[in-house]
Amino acid sequence: MKLMSVSALSAMLVLAGCQSTTAPSSVVVQPKASAKAIEAHMTFLGDDSLEGRDTGSRGHQIASNYIATQLAGLGLEPAGEQGYFQSVPMRKALLVQSSAKMSLTKDGKTTNFEYPKQFFTGPSTLHAKVDVTAPLVFVGYGLVSKEFNLDDYANLDVKGKIVVMLSGRPKSLPSEEAAHIQSLKAENAAERGAVGVITLHTPSEEKVRPYANSLMYLTSPRMRWLHKDGKAEGEFESLTGSAYLHPDAAKVLFAGASRSLDDIFADLAAEKVPTGFALEGTVNLKRESTTEDITSPNVAAVLPGSDPKLKDEYVVITAHSDHIGFSNDVRSKDKINNGLMDNAAGVSIMLETARLFAQQAQRPKRSLLFVAVTGEEKGLLGADYFAHYPTRPIDKLVANVNIDMPVLLYPFADIVAFGANHSSLGATVDNAAAAVGITQSPDPMPEQAIFTRSDHYTLVQKGVPSVFLMTGFTSKDPKQKGGEVWGKFFAKHYHKPTDDKAGLTADFGAIRYDAGATFADINFGITTQVANNPQRPVWLKDSFFGKIFGKDYNQQK
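FYI, the numbering for the sequence shown is -23 to -1, 1 to 534, going by mature numbering (1 follows the signal peptide of the UniProt record, and there is no 0).
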């Protein structure tokens, strides 16, 4: 039997001491977050004994057990499907590396592409073996949007064919909206009857994400959550073949066509959007996959509200409990990706927020639903499952506040709430941050479209106004530049074994658990305002996401 490490055991003892202190019943005390409690949670969740909390692993199950018992100890009621747990069924697929084949036949000549130098593909959760041959149609970026008057499939017949599309999206589109539209590429192809997708790596993509970097993930699994009937979410039965193609290798697909690939890339350089056309020849795509069905838990707990009517509505507070497990980097002696900032820090702040509410003399009017979700690193799987199968009625979820990777390495002076510009929650964040001397800043990285890339976005797609909180780029310490610290963490420690106590302390000098306490105080303030306001949060009239997802929600206010 493997014993818990001394550091993890010490963390539990420190936490127990923090939670045993209560204010005299005769005195109404505004609770304040404890840096020691956050340190204790982070020490346990980021310990080597949890082996990086990979989705479906024993280490993640231990983390989930810990979170559930902490919430239970605070007196919160179970809100899962099995007590505090909501078991998320998933299918994990691995590619048989030797099986990946791609060839082009044109004018009686067959060209074979080299894997993975010229192309790569991923596993399928639907098909053990794929062998598809079909003609080709170039479809530009493969985007469709009524709101932006886009239809890259206009006047093109792709039924029974393999579509060839550019990676990325036009620069003219606003980043967050573009990220949503881009996420529908496979769905667009499937709806129009395509049997496969070939994605072309572009020169602009090469500058941001070199083709060679993608080869580090060739052996990574593909994971999808399963519906009650066993169907994998986000998969399309008709789309059997797929490939991601290096631009040099892709030129042969356009040989003899009305336009060359160089012409297409010239359009991109001039920020023009190329239109589609049929390509000559047929492509054969082959691959084999092995699959395994697993489960991994979300943890859900509720603090019932005090108002007879509003207690049936819920403010949802989320943070993902998983990380990426063991490292595949042969250069690293330390193989455990502990994920201390990503996202042991977020879960710890969520737990401390729960403690603040649990120890209040007066409960908020609305109920509070705390959910630690699994599978974020695998594609927001646990959050998306919860959004499809919520443990409380979806129309009673009035808002979501999500915490993911707060970088607690400097005393932040501002906070970023991704999504604040889309709903009335933006003003709520302003008020809660100001109450503890913190300002709210706009998104410092709009080109990254971060609003669409964390767990809250799955509830956004169900119409629930949401914000995703992150430490801002300004530091209270004039000797530190918050943006530089954040950038250094992202460049050197994000998704690496050094995102642990030893690695971060060695590089940054200290972990600022006091900043975590400030973050929890802000989270507490936001949630308090939403929970006690007679009116639900609303989507703003000019919000793209409010228009496409929030119409029915706003009518409920």
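All C-beta atoms in this analysis are idealised placements derived from N, C-alpha and C, irrespective of residue type, glycine included.
None of the values given here were measured: they were computed from a predicted structure.
9 Å Cβ cutoff, residue i in contact with chain D
| i | result |
| --- | --- |
| Pro383 | Structure shown: chain D not included; a single protein chain is present. |
Alpha carbon of residue i to alpha carbon of residue j, nearest angstrom
| i | j | result |
| --- | --- | --- |
| Val73 | Val279 | 43 Å |
| Thr(-2) | Lys9 | Note on Thr(-2): pLDDT 40, under 50, position unreliable in the model; the coordinate value appears next. Approximately 12 Å between the Cα atoms of the pair. |
| Thr405 | Ile503 | 6 Å |
| Leu481 | Gly253 | 49 Å |
| Ser41 | Gly316 | 15 Å |
| His204 | Arg68 | 11 Å |
| Tyr291 | Val507 | 9 Å |
| Gln59 | Ala12 | 32 Å |
| Gly57 | Ala45 | 10 Å |
| Ala277 | Thr495 | 24 Å |
| Ala321 | Ala409 | 23 Å |
| Leu287 | Lys123 | 37 Å |
| Ala111 | Gly137 | 7 Å |
| Gln159 | Asp284 | 42 Å |
| Ser452 | Phe334 | 28 Å |
| Val5 | Lys342 | Since pLDDT at Val5 reaches only 43, below the 50 mark, its modelled position is unreliable, and no value is offered. |
| Ser(-14) | Gln417 | Annotation note: pLDDT 38 at Ser(-14) (below 50); position unreliable, no value reported. |
| Asp484 | Gly464 | 13 Å |
| Tyr362 | Ala232 | 44 Å |
| Phe521 | Ser76 | 42 Å |
| Gly396 | Pro442 | 8 Å |
| Ala390 | Pro383 | 13 Å |
| Leu113 | Thr259 | 6 Å |
Sub-9 Å separation of residue i and residue j beta-carbons
| i | j | result |
| --- | --- | --- |
| Gly33 | Ser273 | yes |
| Ile427 | Phe445 | yes |
| Lys473 | Ser309 | yes |
| Asp300 | Asp25 | The sequence as given places His at residue 300; Asp does not occur at that position. Not a contact, by the Cβ cut-off of 9 Å. |
| Ser144 | Tyr221 | yes |
| Ser325 | Gly493 | yes |
| Ala349 | Ser298 | yes |
| Phe526 | Gly460 | no |
| Val174 | Val140 | yes |
| Ser431 | Asn379 | yes |
| Asp372 | Asn398 | no |
| Ala394 | Leu402 | yes |
| Met327 | Phe466 | no |
| Tyr387 | Gln457 | yes |
| Leu103 | Glu214 | yes |
| Ile241 | Phe90 | no |
Residue i (DSSP reduced to helix, strand or coil)
| i | result |
| --- | --- |
| Asp306 | coil |
| Gln95 | coil |
| Pro274 | strand |
| Glu265 | strand |
| Asn132 | coil |
| Ala77 | coil |
| His157 | helix |
| Thr330 | helix |
| Glu257 | strand |
| Phe526 | helix |
| Thr188 | The sequence shown places Tyr at residue 188, rather than the Thr named in the question. In the structure shown, Tyr188 sits in a helix (DSSP, three-state: H, G or I). |
| Thr102 | coil |
| Gln512 | coil |
| Pro423 | helix |
| Phe213 | coil |
| Asn531 | helix |
| Phe125 | coil |
| Val378 | strand |
| Asp225 | helix |
Residue i Cβ short of 8 Å to the ligand NAD heavy atom set
| i | result |
| --- | --- |
| Gln74 | With respect to small molecules bound, the structure shown includes none, and the ligand NAD cannot be examined in it. |
When the options are compared against residue i, the one with the closest alpha-carbon
| i | options | result |
| --- | --- | --- |
| Ala14 | Trp516, Pro370, Tyr490, Ala45 | Tyr490 |
| Glu248 | Ser181, Ser197, Phe254 | Ser181 |
| Thr88 | Gln512, Asn261, Gly352 | Asn261 |
| Glu153 | Met422, Arg340, Tyr471 | Met422 |
| Thr267 | Val107, Gly396, Asp519 | Val107 |
| Val375 | Val293, Arg430, Leu517, Ile392 | Val293 |
| Tyr92 | Pro511, Arg264, Lys355, Ser101 | Arg264 |
| Leu346 | Met447, Ala296, Gly23 | Ala296 |
| Leu195 | Ile158, Gly359, Asn305, Asp270 | Asn305 |
| Glu210 | Phe521, Val384, Lys355 | Lys355 |
| Ala246 | Thr179, Ala189, Val384 | Thr179 |
| Asp311 | Asn275, Glu28, Gly359, Leu71 | Glu28 |
| Ala360 | Ala232, Phe389, Thr429 | Thr429 |
| Gln425 | His157, Ala255, Ala189, Pro442 | His157 |
| residue 536 | Leu81, Ser219, Phe501, Asp381 | Missing from the structure shown is residue 536; the chain here goes from -23 to 534 and no further. |
Handout entry: Validate contact between the segment 363 to 370 and the segment 57 to 75 using beta carbons, cut 8 Å, 3 pairs
Key = As far as the Cβ criterion goes, the segment 363 to 370 touches the segment 57 to 75, which means the pair count is three or higher.
Exercise for the section: Check whether the segment 157 to 165 touches the segment 104 to 121, taking contact to mean three or more Cβ pairs, one atom from each stretch, closer than 8 Å. Expected result: The segment 157 to 165, when compared against the segment 104 to 121, does touch it at the 8 Å Cβ threshold.
Exercise for the section: Evaluate the contact criterion for the segment 191 to 200 versus the segment 44 to 59: three or more CB pairs, one atom per stretch, below 8 Å. Expected result: No, they do not touch.
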